[in-house]
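J.:
Protein chains: 2
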Amino acid sequence: MPSPPPSVSARLLSVLEAFSPGGTRLTLSEIARRTGLPLTTAHRLVGELTAWGGLERDGAGRYQIGLRLWEIGALAPRGLGLRETAMPFLEDLYEATHQNVQLAVLDGHDAVFLERLSGREAVHVFTRVGGRLPAHATGVGLVLLAHAPHETQEAVLSLPLKRFTNRTIPSGAELRRALAEVRRQGFAISDGQIELIAVSVAAPVHDHDDAVVAAISVVVPSENGDAYALLPAVRAAARGISRALGSPSARRLPGPVHRETFSAPG
Amino acid sequence: MPSPPPSVSARLLSVLEAFSPGGTRLTLSEIARRTGLPLTTAHRLVGELTAWGGLERDGAGRYQIGLRLWEIGALAPRGLGLRETAMPFLEDLYEATHQNVQLAVLDGHDAVFLERLSGREAVHVFTRVGGRLPAHATGVGLVLLAHAPHETQEAVLSLPLKRFTNRTIPSGAELRRALAEVRRQGFAISDGQIELIAVSVAAPVHDHDDAVVAAISVVVPSENGDAYALLPAVRAAARGISRALGSPSARRLPGPVHRETFSAPG
DNA sequence: CAGAGATCTTCCGTTCACCGGAAGCCCTGG
DNA sequence: CCAGGGCTTCCGGTGAACGGAAGATCTCTG
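Chains as they are written, first to last, in the working numbering: chain A, 3 to 268; chain B, 3 to 268.
Printed below as a string of C-alpha cells:
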C-alpha cells in the first residue's frame, strides 16, 4: 500500500526545512535533494516562495531565507516577543559582567537560544541565536527541564543522553537528581558539560501564570573562580524579567507588607 | 472572466501574512476574515501549519506564530546574519551612549529594523525589532536610500511622501537634495522627522563588495544639544561592522603602514 | 433556562490545479 | 568540441484540494 502523498503545504514547508544553520544558501538542486522532491516540483514551490518574498536569490543565484520570513518570525510571542521584554535586563547583566549572557526557551528536548550577548573578551561558546542544544547538557536547559511538564521530563529521562565532555550528565538517574536540586535551589550551575572550559549560571523566568517560560544564564570561563558570585545578578535579572511579564511571585520586592488591600465587589 | 484562483502555496502564505505587529494572536475566524479564505479552507491550512510547528495555540485556543518559524527566520542572512556580526559593535555603541542604537536594512521603500538596543532612560522611539518605517523619514532610511539602486530612488521620489511632523521631508525635490548631501558627507542627521523630540545620527554599513547593505544610527532627545558629538562614535561602529563583513574600503585603520607581509606559497 | 449567535470541527462528492516526465537552454570545465 | 550539471518551460492525466452543509461547543442575553 502506497502511503498517502504529502500535501502541498507539507511540501512547501519541507522546502523551508531544507535550510539549516549549516546551509543558509542553497541552489535549487540542493533544495530538491534535501527535501527529496522532484526537481520540477521543487522549482515550482521555490518559485512561489520567492515571488512572495519568503526566499531571496543572492548574487550567485542561490536561494536564502528572505526578509519577509524573518519579519513573520519576529512576530512569534515565544521568540522576539519574549526577547523584547527581556532585553533591557539582559543588557544590564551584560554590562555588569561582560560575559556571555543568554536567553533560552524549551522546545521538545532542546534549549533554543533566543538571544546571546557576548563581548569580544568573553569565553567562546558555540551557541548562536536561533540555535539549539540538548536541554540536559546546558544550564538554561536544566532549569527549563526542571519545570517542564511531567511527560516531557520522563521522555528525556528515558532516552540516552548525548555526552559532550566527561562532565556531561551521563544517566537518567543523575539527571533526575540534578533536576530535583534545581527545583529545590531555584537555579542551576552547569560546570563544563558542553565545553570543559565554561561554567553556566542559570535561573528561571516566570510569566503571568507563574509558569516557567524561559531561562537566562551567564557563561564564564571555569578558571574565573567563583561562579556563585554571579548568582545574585543572574537571579535579579531573571526576577526583573518575570516581573515585566506580570509574574505574581515576582511582584515588587519582598518586604514588611502584611496587609493587602482588595477592592471588595459592590 | 474569473481570475485564476490563488495556488495552495499562496493561500498558505496568506495565512502567515494575516499576522501583524498589531495582531500576533488570532482566532481561526479572524484568520479567515483577514485572508478572505472560506472558514473551512482556513481551518485546513492552519491545521497543517500547526502540525508542522509553524503556528502554535495559546491557552485560549488562539493561534500565534510558532517557534519553528522563528528559527527559520533566524536563518535569513539579511536578518539575524547581519545582526550577529553587527552586535558587538552595537553593544559598544550602546554602552558608550546609553541611547537608542539601531540597525536597519532597506526593503522596498521602507527601513526594516533588525535590532534596537535601548536603555530605560533612552528617549522613547516607536520602532520595534521587525518593524518598518518609510525610508524618507528616518536617519537610517536616508542613508540606505542614498545608496540604493537608481530605480528604487526614482520610485520613492515620484511617490507622495508620508508626513509625520512638520520637519518630515515633504517633497521629492527636497529628498533628492537630502540624498545627495548624505552621499557627499557619508552620514545622515535626521532631526525630528518622525517625532519632533528625537534626532537620529546614521551611517552606512558596507559589505565585502562595498555595497551598502545596512545602516546604523543612534537616536537622542533633541534637547540633548549637539548630535554631531555622536558622529565619530557612530561612524567608527559602522566602519567596524563593515570591516567585519569584509569591506575593502574599511580594511584596517589608515596609518603609516607601507610594507605588508605576505607568506609566499611554496 | 431557553434560544440566538458566534466559533470551531467533521464529513464527503466534484472538479480543476497540481504533478512531474520529457525536452531544451545555459553554463563551466576538460 | 562535447560532456555534465544545473535551471527553466511545457503540457496532459489524475487524485488531492476545495468548500457547502451539518453538527458540536461555548457565550451571551432576555
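Where is the CB? At the ideal position from N, CA and C, for every residue including glycine.
Could you pull out every residue in the same chain whose Cβ sits closer than 6 Å to the Cβ of residue 190 of chain A, ignoring the five residues on either side in sequence?
T.: On the first sequence, residue 190 of chain A is found 188 positions in, with the first residue counted as 1. Correct list, in chain order: 141, 144, 145, 184, 204.
J.: May I have the straight-line CA-CA distance separating residue 260 of chain A from residue 150 of chain A, to the nearest angstrom?
T.: By 1-based counting over the first sequence, the position of residue 260 of chain A is 258. By 1-based counting over the first sequence, the position of residue 150 of chain A is 148. The predicted model places residue 260 of chain A with a pLDDT of 39, which falls under 50 and marks its position as unreliable; any figure quoted below should be read in that light. The straight-line gap from Cα to Cα measures roughly 32 Å.
J.: Got a sec: is the Cβ-Cβ distance from residue 256 of chain B to anything in chain A below 7 Å?
T.: The residue given as residue 256 of chain B occupies position 254 in the second sequence. Model confidence at residue 256 of chain B stands at a pLDDT of 49, short of 50, so the residue's coordinates are unreliable; what they give is reported in the following sentence. For residue 256 of chain B, the answer is no, since every Cβ of chain A falls outside 7 Å of its Cβ.
J.: Which value, in whole angstroms, describes the spacing of the CA atoms of residue 262 of chain B and residue 108 of chain B?
T.: In the second sequence, counting from the first residue as 1, residue 262 of chain B sits at position 260. In the second sequence, counting from the first residue as 1, residue 108 of chain B sits at position 106. Only weak support is given to the placement of residue 262 of chain B: the predicted model assigns it a pLDDT of 39, under 50, and the value that follows is read from those uncertain coordinates. One C-alpha to the other measures close to 37 Å.
J.: Mind listing the chain B neighbours of residue 50 of chain A? Cutoff is C-beta to C-beta under 7 Å, in chain order.
T.: Working through the first sequence from its first residue, we reach residue 50 of chain A at position 48. Near residue 50 of chain A (Cβ distances below 7 Å), the residues of chain B are 9, 11, 12.
J.: Using a cut-off of 7 Å between C-beta atoms, extract the partners of residue 21 of chain B located in chain A.
T.: Taking the first residue of the second sequence as position 1, residue 21 of chain B is located at position 19. Here the neighbours are 74, 77.
J.: Less than 6 Å between C-beta atoms, sequence neighbours within five positions excluded: which residues of the same chain meet that for residue 195 of chain B?
T.: In the second sequence, the residue the question calls residue 195 of chain B occupies position 193. Result list for residue 195 of chain B: 139, 169, 170, in chain order.
J.: With a threshold of 16 other CB atoms inside 10 Å of the CB of residue 152 of chain A, please say whether the residue is buried or exposed.
T.: Mapped onto the first sequence, residue 152 of chain A falls at position 150. Residue 152 of chain A should be labelled exposed.
J.: Give the secondary structure of residue 112 of chain B by DSSP, where H, G and I count as helix, E and B as strand, and everything else as coil.
T.: In the second sequence, counting from the first residue as 1, residue 112 of chain B sits at position 110. Reduced to three states, the DSSP call for residue 112 of chain B is strand.
J.: Are the beta-carbon atoms of residue 70 of chain A and residue 56 of chain A separated by less than 7 Å?
T.: Taking the first sequence and counting its residues from 1, one reaches residue 70 of chain A at position 68. Taking the first sequence and counting its residues from 1, one reaches residue 56 of chain A at position 54. Yes. Within cutoff.
J.: Kindly give me the distance between the Cβ atoms of residue 67 of chain B and residue 75 of chain A, rounded to whole angstroms, as I take these residues to be in contact under 8 Å.
T.: Walking along the second sequence from the start, residue 67 of chain B turns up at place 65. Walking along the first sequence from the start, residue 75 of chain A turns up at place 73. Confirmed, Cβ separation roughly 7 Å.
J.: Counting Cβ pairs closer than 8 Å, one from the stretch 35-42 of chain B and one from the stretch 12-32 of chain A, do we hit at least three?
T.: In short, these stretches do not touch, since the Cβ pair count stays below three.
J.: Roughly how many angstroms separate the alpha carbons of residue 64 of chain B and residue 48 of chain B, rounded to a whole number?
T.: The count along the second sequence starts at 1 and reaches residue 64 of chain B at position 62. The count along the second sequence starts at 1 and reaches residue 48 of chain B at position 46. For residue 64 of chain B and residue 48 of chain B, the distance between alpha carbons rounds to 11 Å.
J.: Taking only runs of the alpha helix (DSSP H) that begin and end inside the stretch 50-102 of chain A, which ones reach a length of at least 4 residues, in chain order?
T.: Taking only runs of at least 4 residues, the alpha helix (DSSP H) segments lying wholly in the stretch 50-102 of chain A are 69-75, 84-99.
J.: So which residues of chain A does residue 83 of chain B contact, with C-beta pairs closer than 8 Å?
T.: For the purposes of this step, residue 83 of chain B is taken as residue 81 along the second sequence, with counting starting at 1. What residue 83 of chain B touches in chain A: 26.
J.: Can you give me the start and stop residues for the beta strand (DSSP E) that residue 190 of chain A sits inside?
T.: Numbered from its first residue, the first sequence carries residue 190 of chain A at position 188. It spans 190-193 - the beta strand (DSSP E) in which residue 190 of chain A sits, taken as one unbroken run.
J.: So residue 77 of chain A and residue 23 of chain B are in contact, right, with Cβ under 8 Å, and what is the actual spacing, rounded?
T.: Taking the first residue of the first sequence as position 1, residue 77 of chain A is located at position 75. Taking the first residue of the second sequence as position 1, residue 23 of chain B is located at position 21. Confirmed, Cβ separation roughly 7 Å.
J.: Strictly below 7 Å CB to CB, what residues from chain A border residue 109 of chain B?
T.: To locate residue 109 of chain B, count along the second sequence from 1; it is residue 107. Here the neighbours are 69.
J.: Determine, for residue 195 of chain B, whether the minimum Cβ-Cβ distance to residues of chain A falls below 7 Å.
T.: Walking along the second sequence from the start, residue 195 of chain B turns up at place 193. No, because no Cβ of chain A sits closer than 7 Å to the Cβ of residue 195 of chain B.
J.: Mind checking whether residue 207 of chain A and residue 244 of chain A have CB atoms under 7 Å apart?
T.: Along the first sequence, read from residue 1 onward, the residue named residue 207 of chain A stands at position 205. Along the first sequence, read from residue 1 onward, the residue named residue 244 of chain A stands at position 242. Contact: yes.
J.: Rounded to whole angstroms, what's the CA-CA distance from residue 228 of chain B to residue 193 of chain B? Just pull it up for me.
T.: Taking the first residue of the second sequence as 1, we reach residue 228 of chain B at position 226. Taking the first residue of the second sequence as 1, we reach residue 193 of chain B at position 191. So the alpha carbons of these two residues sit roughly 11 Å apart.
J.: Taking the straight line between their C-alpha atoms, what separation do you get for residue 266 of chain B and residue 246 of chain B?
T.: Reading the second sequence from its first residue, position 264 is the one you call residue 266 of chain B. Reading the second sequence from its first residue, position 244 is the one you call residue 246 of chain B. For residue 266 of chain B, the pLDDT reaches just 37, beneath the cut-off of 50, and the residue's location in the model is therefore unreliable, although a value from the coordinates is still provided. Near 25 Å, if we compare the C-alpha coordinates of residue 246 of chain B and residue 266 of chain B.
J.: Using only the alpha-carbon positions, how far apart do residue 215 of chain A and residue 232 of chain A sit?
T.: To locate residue 215 of chain A, count along the first sequence from 1; it is residue 213. To locate residue 232 of chain A, count along the first sequence from 1; it is residue 230. Straight-line Cα distance between these residues: approximately 22 Å.
J.: Quick one: using the 10 Å Cβ neighbour count with 16 as the cut-off for buried, is residue 93 of chain B buried or exposed?
T.: To locate residue 93 of chain B, count along the second sequence from 1; it is residue 91. Burial call: buried.
J.: What's the gap between the Cα of residue 197 of chain A and the Cα of residue 19 of chain A?
T.: Counted from its first residue, the first sequence places residue 197 of chain A at position 195. Counted from its first residue, the first sequence places residue 19 of chain A at position 17. Going by the C-alpha atoms only, they are around 28 Å apart.
J.: Checking the sheet assignment: what are the DSSP bridge partners for residue 117 of chain B?
T.: In the second sequence, residue 117 of chain B corresponds to position 115, counting from 1. Note: residue 117 of chain B sits in a beta bridge opposite B:105.
J.: Under 7 Å Cβ-Cβ, which residues of chain B neighbour residue 15 of chain A?
T.: Residue 15 of chain A sits at position 13 when you count from the first residue of the first sequence. Those within 7 Å of residue 15 of chain A in chain B are 54, 56.
J.: Can you grab the Cα-Cα spacing for the pair residue 147 of chain A / residue 159 of chain B, in whole Å?
T.: If you number the first sequence from 1, residue 147 of chain A lands on position 145. If you number the second sequence from 1, residue 159 of chain B lands on position 157. Straight-line Cα distance between these residues: approximately 54 Å.
J.: Would residue 98 of chain B pass as a contact of residue 106 of chain B if the rule is Cβ separation under 7 Å?
T.: Within the second sequence, numbered from 1, the residue matching residue 98 of chain B stands at position 96. Within the second sequence, numbered from 1, the residue matching residue 106 of chain B stands at position 104. For residue 98 of chain B and residue 106 of chain B, no; Cβs fall outside 7 Å.
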